Amino acid sequence: MTVTSPAELDTSKKDTIEKVSIIISKGSLEESYPGLIMANGARAEGIEVNLFFTFFGLDAIHKDRHDHIKVATVGNPGLHIPTWAGGLPGVSALVTKKMEHQIEELDFPGIAEFVEMISDTGAGLYACLASVDLFGIKQEELIEQVDNIITVGEFYEMAGGGQIIFT
Amino acid sequence: MTSKLLAGAEIEVNDEGFFVDANQWTEDMATELAEECGVPTPLTEQHWTVLHYMRQEYFEKGTGPTVRKLGKSSGVSIKELYQLFPKGPAKLAARVAGIPKPRGCI
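Sequence order for the protein chains is A and B.
Quick note: the first sequence uses this note's numbering, first residue 241, plus one each step.
Quick note: the second sequence uses this note's numbering, first residue 19, plus one each step.
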């Protein structure tokens with residue numbers, strides 16, 4: 241067996257990711273935040289990023305809704321509370337408040353600020369045409385940072401040559 | 019870890035090109051470091067604002083700031099940071115400022 245010492249490893253040939261297209265399809269706090277972290281983190285590494293918001297993921301770029309995104313407390317075993325308790329009035333609001341508080345404690349941004357920041361990093365923000373039609377959302381209801389409302393075909397075209405991450 | 023010659027001094031850097039000892043850094047190394055990692059030169063006043071802020075934070079807190087922190091506190095906005103350091107502001111500013119790569123997810 242040949243042992244290569246770290247100094248001899250050729251790091252210049254390390255594989256890199258140059259471009260990612262991240263789809264955000266869910267509307268709960270815990271399911272839209274990770275995609276935003278991945279998008280922001282990719283830009284911080286100099287990776288080209290496009291964000292595609294579809295279905296309930298659109299809430300993250302909806303002017304009236306992006307400040308009110310809640311943690312899903314029903315059917316969410318990761319929360320470790322009984323499903324019946326998660327459905328009681330006010331529980332989702334309470335758990336959301338707690339998580340928002342923890343996010344703030346860590347000095348992480350809320351969804352609205354995070355999306356705006358990601359746009360400032362130079363990432364492209366796109367809304368899914370089919371979902372916008374389905375929910376009857378108008379362009380002016382979306383935040384101004386949204387670059388365009390596009391079809392799935394246009395999304396694939398835009399994602400060409402990169403990786404696609406679905407969340 | 020390897021060593022290389024910068025502005026006439028022998029410097030220890032890690033595999034990714036980050037300084038192992040931030041005290042080995044001097045300002046006259048910055049331009050060469052910038053050219054090495056694709057940061058547009060000549061370095062502007064705003065570049066220097068960011069570089070000095072990176073070092074100040076590193077020596078105070080033991081780690082360099084993330085992009086968000088830079089945008090909030092360095093006096094340079096996030097949009098501008100990505101113009102100054104297109105391939106990742108926190109990472110490249112740390113490399114040019116002679117401090118280790120900052121760790122942080124946001």
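Ideal Cβ placement from N, Cα and C applies to all residues, glycine included.
Fair warning: this is a prediction, and the values are worked out from it, not measured in the lab.
For residue i, which residues in chain B fall below 9 Å Cβ to Cβ?
| i | result |
| --- | --- |
| Glu285(A) | Lys105, Gly106, Lys109 |
| Ile277(A) | Cys123, Ile124 |
Name the one or two DSSP bridge partners that residue i has.
| i | result |
| --- | --- |
| Phe406(A) | Ile263(A) |
| Glu54(B) | Paired residue(s): none; Glu54(B) is not in a bridge. |
| Phe348(A) | Phe348(A) is not bridged to any residue. |
| Val31(B) | Thr20(B), Phe37(B) |
| Tyr76(B) | In DSSP, Tyr76(B) forms no bridge with anything. |
| Tyr366(A) | Phe292(A), Asn388(A) |
| His302(A) | Leu382(A) |
List, in order along the chain, the chain D residues whose C-beta lies closer than 8 Å to that of residue i?
| i | result |
| --- | --- |
| Ile29(B) | Here the protein chains are A and B, and chain D is not one of them. |
Relative to the alpha-carbon of residue i, which residue among the options has its alpha-carbon at the smallest distance?
| i | options | result |
| --- | --- | --- |
| Glu397(A) | Pro274(A), Asp373(A), Phe292(A) | Phe292(A) |
| Leu319(A) | Arg305(A), Glu270(A), Ala370(A) | Glu270(A) |
| Val311(A) | Val331(A), Glu381(A), Trp324(A) | Val331(A) |
| Leu61(B) | Ala115(B), Ile124(B), Pro120(B), Cys123(B) | Ala115(B) |
| Val314(A) | Pro329(A), Ser359(A), Ser272(A) | Pro329(A) |
| Gly26(B) | Arg86(B), Thr20(B), Trp43(B), Ala52(B) | Trp43(B) |
| Leu365(A) | Leu276(A), Gly350(A), Ile257(A) | Leu276(A) |
| Ala112(B) | Ile29(B), Cys55(B), Lys22(B) | Cys55(B) |
| Ser92(B) | Leu102(B), Tyr71(B), Thr20(B) | Tyr71(B) |
| Met357(A) | Ile301(A), Gly402(A), Ile390(A) | Ile301(A) |
| Thr49(B) | Arg73(B), Leu24(B), Asn32(B), Ala40(B) | Leu24(B) |
| Ile351(A) | His306(A), Glu345(A), Thr361(A), Ile390(A) | His306(A) |
| Gly259(A) | Ile389(A), Gly327(A), Asn290(A) | The question names Gly, yet the displayed sequence has Lys at residue 259(A). Minimum Cα distance to Lys259(A) is reached at Asn290(A). |
| Arg121(B) | Gln101(B), Tyr76(B), Leu69(B) | Tyr76(B) |
| Leu382(A) | Phe406(A), Lys254(A), Val355(A) | Val355(A) |
Which chain B residues sit within Cβ distance under 7 Å of residue i?
| i | result |
| --- | --- |
| Gly281(A) | Cys123 |
| Phe348(A) | Ile124 |
Identify the contact partners of residue i in chain A, using a Cβ-Cβ distance below 8 Å as the criterion.
| i | result |
| --- | --- |
| Tyr100(B) | Arg283, Asp360, Thr361, Gly362 |
Can you pull the chain A residues whose beta carbon is under 9 Å from the beta carbon of residue i, in chain order?
| i | result |
| --- | --- |
| Val85(B) | Asn280, Arg283, Ala284, Met357, Thr361 |
Taking Cβ-Cβ distances shorter than 8 Å, what residues in chain B pair up with residue i?
| i | result |
| --- | --- |
| Phe406(A) | Result: empty, since nearest Cβ-Cβ is about 20 Å, beyond 8 Å. |
Identify the contact partners of residue i in chain A, using a Cβ-Cβ distance below 7 Å as the criterion.
| i | result |
| --- | --- |
| Lys97(B) | Asp360 |
Which residues of the region 350 to 380 of chain A have a Cβ closer than 7 Å to any Cβ of chain B? Give them in chain order. Met357, Asp360, Thr361, Gly362
| query | Are at least three pairs of beta-carbons, each pair with one atom in the region 278 to 286 of chain A and one in the region 100 to 110 of chain B, less than 8 Å apart? | reply | yes
Indicate whether the contact test is met: 3 or more Cβ pairs, each with one atom in the region 36 to 51 of chain B and one in the region 397 to 406 of chain A, closer than 8 Å.
-> no
Open item on the list: For the region 333 to 348 of chain A against the region 293 to 304 of chain A, do three or more pairs of beta-carbon atoms, one drawn from each stretch, fall closer than 8 Å, so that the two count as touching?
Closed with: no
>> Taking 8 Å as the cut-off, does the region 296 to 306 of chain A touch the region 368 to 379 of chain A (at least 3 CB pairs, one atom from each stretch)?
In response: Taking a cut-off of 8 Å for Cβ pairs, the region 368 to 379 of chain A and the region 296 to 306 of chain A touch, as three or more such pairs fall below it.
Decide if the region 77 to 91 of chain B is in contact with the region 258 to 270 of chain A; the criterion is three or more beta carbon pairs, one per stretch, under 8 Å apart.
They do not touch, by the three-pair rule.
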